[in-house]
Structures are given as C-alpha cells and as structure tokens.
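Residue numbers (my numbering): 59 to 412.
As structure tokens, the structure follows; a few thoughts come after it.
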Ligand SMILES: Cc1cc2nc3c(=O)[nH]c(=O)nc-3n(C[C@H](O)[C@H](O)[C@H](O)COP(=O)(O)O)c2cc1C
C-alpha cells in the first residue's frame with residue numbers, strides 16, 4: 059500500500075491520506091478581511107475532487123497591526139466568524155478536513171497596510187524581504203495583547219467549524235522574528251537563547267489550548283532554517299520542535315524562516331527535507347514537509363524514507379486545479395517509488411537539502 063494513501067489520526071481528526079494543500083495567500087478577501095465569493099469559489103475549485111488529506115487555508119491576520127496586505131483574510135474579529143464558517147463548509151463539503159492558519163506579520167508588513175509603524179521583537183530591519191521598514195519594539199504588554207489576539211482568533215476558527223488551527227512561525231513573520239537570532243535582540247525573557255526566543259510560542263500555545271480544549275489540533279508552521287549567516291541553527295530548531303511537542307502541539311509543519319518558502323538555487327524536490335528529517339527523528343507528533351516537491355512519486359519516496367509524515371504540494375496546485383487529480387490518476391506507486399526510494403535517490407534528496 060502506498061504510504062501516501064494511508065490514513066493518519068490526530069486526536070479525533072482522521073486524515074484519509076498524507077497529501078496536504080499548504081497555505082497559499084490568494085488576495086481574494088474583502089478590504090477588511092471578509093470572506094468573498096471569489097475566495098469561496100477558489101477553495102471549492104482547488105478541493106472539489108476531495109483528494110487532499112488536509113487543507114490549510116492561507117494566513118489570516120489575528121489583529122489589525124499584523125495585516126500583511128489589503129486583501130488578506132481576517133480572523134481578528136467576531137464579525138468574521140460567519141464568513142469563516144462558509145469557508146470551512148465549502149472545503150468540508152468536498153470531503154477535506156480544514157485547518158485555519160493564524161498569523162501576525164510583525165515587521166513583515168508596512169505602514170501602508172496597517173496605518174502605523176510595524177511592530178517587532180527588536181528594532182531590526184526584517185531580512186526576509188528587501189523593502190521592509192524599521193519597526194518599533196514590542197513592550198511586554200503588547201506581547202500579552204498579541205497572545206490574546208492569537209487565542210481569540212483560534213477560538214473563532216473553532217466556532218467557525220475548522221478542524222484545527224496552524225500558528226504561523228515562518229517566512230519572516232512575527233513569531234518567526236522572535237525565533238530567529240537575526241531579528242530577536244531582546245534582553246528580557248522573550249530573547250536571548252532559544253528558550254527565551256521560543257517563549258512567546260509556548261505562551262500562545264498554552265493560551266490557545268486553554269480555550270479550545272484537548273481535542274482541537276494546534277499545528278505550528280516552523281521556519282526551520284533562515285538559510286542566512288547567523289540564523290536559526292538546526293540544534294535550536296530541534297529544541298523548538300521538542301518543546302512544542304512537550305507543550306501539546308499536535309503537528310509541526312516545516313518550512314523556511316527568513317529565507318521564506320524557497321531556498322535560492324535549490325529549487326529541487328524537498329529543499330527543507332534535512333530540517334524535516336531532523337525534526338521527525340526528534341519528535342513523535344506528525345511532521346509535514348513542503349517546498350519544491352513536484353511529483354507524487356517524490357512525495358511517496360519522502361514518506362517511505364521517514365523524512366516526514368505528510369507532504370505539502372503548493373504551487374503546482376495553485377497554478378492548476380486539476381494537478382492532484384491528474385497526478386493521482388497517473389501514478390503507479392509500486393513501479394515509480396521503487397526507483398525514487400533507492401539509497402541513491404534518497405542521497406540525492408539529502409544533498410539538495412544541505
Ligand atoms: C502565492 C503563494 C502564497 C503563499 N501564502 C502562504 C501563506 O499564506 N502561509 C504560509 O504559511 N505559506 C504560504 N506560502 C508558502 C506555501 O505554503 C509553500 O510553502 C510554498 O509554496 C512552497 O511549496 P511548493 O514548492 O510546493 O509551492 C505561499 C506560497 C505561494 C506561492
């Protein structure tokens with residue numbers, strides 16, 4: 059039996075297979091972040107054949123000062139719950155469990171979008187994009203308020219029928235800014251070594267768990283490498299993974315940090331597999347890897363080689379709504395995975411992740 063087609067249980071949630079539609083921003087929400095008809099149509103089209111074991115919706119902003127663009131989805135207000143319910147319904151009606159991604163952009167946004175100077179752990183220009191502005195430093199009270207914003211947004215996701223939430227801590231956004239030594243220069247308990255830099259994650263996780271209960275999955279998307287000098291080390295990444303597991307995270311979703319979701323010059327299959335494999339070896343909760351995986355044969359090979367438990371495939375699906383259907387119809391798992399899972403091809407995959 060192909061690994062890709064095996065089910066996976068996360069608490070009470072049963073995924074029918076290991077294929078994930080990762081979060082991908084569409085800029086189709088209304089000006090205040092409300093769910094629109096084009097957005098519902100988009101998700102209906104992407105999921106209509108019901109092939110995904112799990113869908114993670116694009117990042118929603120948990121508070122107005124964490125908004126990244128004018129047409130981003132909002133989870134920042136109770137008035138959004140009915141629209142979010144429509145979104146979860148569309149995806150559920152197509153037979154896929156759905157997770158709501160929660161984000162605060164921190165210094166990854168601009169005054170133009172939020173009407174004030176962006177906020178961040180430290181007064182450091184965010185290196186994840188070339189055109190970002192100098193942020194102002196968050197005070198401890200602001201951090202408390204942001205934890206509360208994540209918590210309220212998670213509760214809204216639950217009330218809107220989502221099967222879980224994913225906390226965004228990658229691609230250079232606020233929680234990732236706390237995680238990365240490149241952007242966190244704080245001298246208080248939220249900075250310093252990895253235990254300090256991860257503290258806000260743990261406080262967010264505990265606060266959300268407290269309101270959603272034990273049977274509501276909380277995923278973390280982790281910027282597992284910055285791919286920059288002085289960025290997050292693999293050892294620290296593993297510490298983060300273990301701490302989050304200990305603190306009741308249900309799944310870890312591996313992507314990039316300050317390098318965002320690609321690795322320049324490394325656009326080959328699974329360019330975060332080195333980090334995913336290291337995390338998977340260190341924890342027993344499920345791990346997702348996404349990034350550059352372009353065939354189901356590659357996905358199957360990564361699963362067979364225990365690099366991860368689930369595989370995200372993004373841009374091929376973003377560009378072609380029939381991609382999964384065609385790929386599923388055309389794959390011969392037995393024949394194709396034989397060559398992909400040879401020690402040689404695994405080594406090649408590992409090389410691409412270095
Ligand atoms: C247009 C676009 C929008 C994206 N938006 C998000 C997002 O909202 N949240 C997130 O965590 N990742 C986002 N990503 C990253 C994807 O989830 C994924 O990690 C990335 O596309 C790499 O995977 P792929 O090579 O399979 O496309 C986005 C990627 C693209 C191309």
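Think of the CB as a built atom: it goes at the ideal place given N, C-alpha and C, for glycine as much as any other residue.
### Query
Can at least three beta-carbon pairs, one atom from the region 327-345 and one from the region 291-311, be found at a separation below 8 Å?
Cβ pair count under 8 Å is three or more, so yes.
### Message
Does the distance between the C-beta of residue 100 and the nearest non-hydrogen atom of ligand 1 fall short of 7 Å?
### Response
Walking along the chain shown from the start, residue 100 turns up at place 42. No, Cβ of residue 100 sits at least 7 Å from all heavy atoms of ligand 1.
### Message
Using only the alpha-carbon positions, how far apart do residue 2 and residue 242 sit?
### Response
No statement about residue 2 is possible, as the shown extent of the chain runs from 59 to 412 and does not include it.
### Query
Less than 7 Å between the CB of residue 82 and some heavy atom of ligand 1, yes or no?
For the purposes of this step, residue 82 is identified with residue 24 of the chain shown, where counting begins at 1. The answer is yes for residue 82.
### Message
Short of 7 Å in beta carbon distance, which residues of its chain neighbour residue 143, apart from the five on each side in sequence? Order them along the chain.
### Response
Your numbering for residue 143 matches position 85 in the chain shown. Counting only Cβ-Cβ distances below 7 Å, and skipping sequence neighbours, we find 218 and 219.
### Query
What do you get for residue 401, buried or exposed, if any count of 16 or more other CB atoms within 10 angstroms of its CB means buried?
Translated into the one-based positions of the chain shown, residue 401 becomes position 343. Because the pLDDT of residue 401 is 28, which lies under 50, any placement of that residue in the model is unreliable, and the number read from its coordinates should be weighed accordingly. It is exposed - the Cβ of residue 401 has fewer than 16 other Cβ atoms within 10 Å.
### Pairwise C-alpha distance: residue 244 and residue 254
If you number the chain shown from 1, residue 254 lands on position 196. If you number the chain shown from 1, residue 244 lands on position 186. Looking at the two C-alpha atoms, the distance is approximately 9 Å.
#### Entry: Extent of the continuous beta strand (DSSP E) to which residue 279 belongs
Locating residue 279 in the chain shown gives position 221, counting from the first residue. Run containing residue 279: 276-281, per the beta strand (DSSP E) assignment.
### Query
What residue range is occupied by the uninterrupted beta strand (DSSP E) comprising residue 169?
By 1-based counting over the chain shown, the position of residue 169 is 111. Residue 169 -> not in any beta strand (DSSP E); alpha helix (DSSP H) instead, spanning 169-172.
### Query
Nearest to residue 126 by alpha carbon, out of 231, 321, 381 and 390?
As a first step, residue 126 is located in the chain shown; it is residue number 68 there, counting from the start. It is 231.
### Query
Is DSSP giving residue 150 helix, strand or coil here?
Counting from 1 along the chain shown, the entry for residue 150 is found at position 92. It is helical.
### Query
Which one of 291, 352, 383 and 282 has the shortest CA to CA distance from residue 319?
Your numbering for residue 319 matches position 261 in the chain shown. For residue 319, the nearest C-alpha among the options comes from 282.
#### Entry: Buried versus exposed call for residue 317 [16 or more other C-beta atoms within 10 Å across all chains shown]
Working through the chain shown from its first residue, we reach residue 317 at position 259. Looking at its Cβ environment, which holds 16 or more other Cβ atoms inside 10 Å, residue 317 is buried.
### Message
Pop quiz: residue 226 and residue 159 are said to be a contact at Cβ under 8 Å. What is the actual Cβ separation, rounded to whole angstroms?
### Response
Locating residue 226 in the chain shown gives position 168, counting from the first residue. Locating residue 159 in the chain shown gives position 101, counting from the first residue. Right, their Cβ atoms sit about 6 Å apart.
### Task
Give, in chain order, every unbroken run of the alpha helix (DSSP H) that is at least 4 residues long and sits entirely within the region 290-351.
292-304 and 331-340
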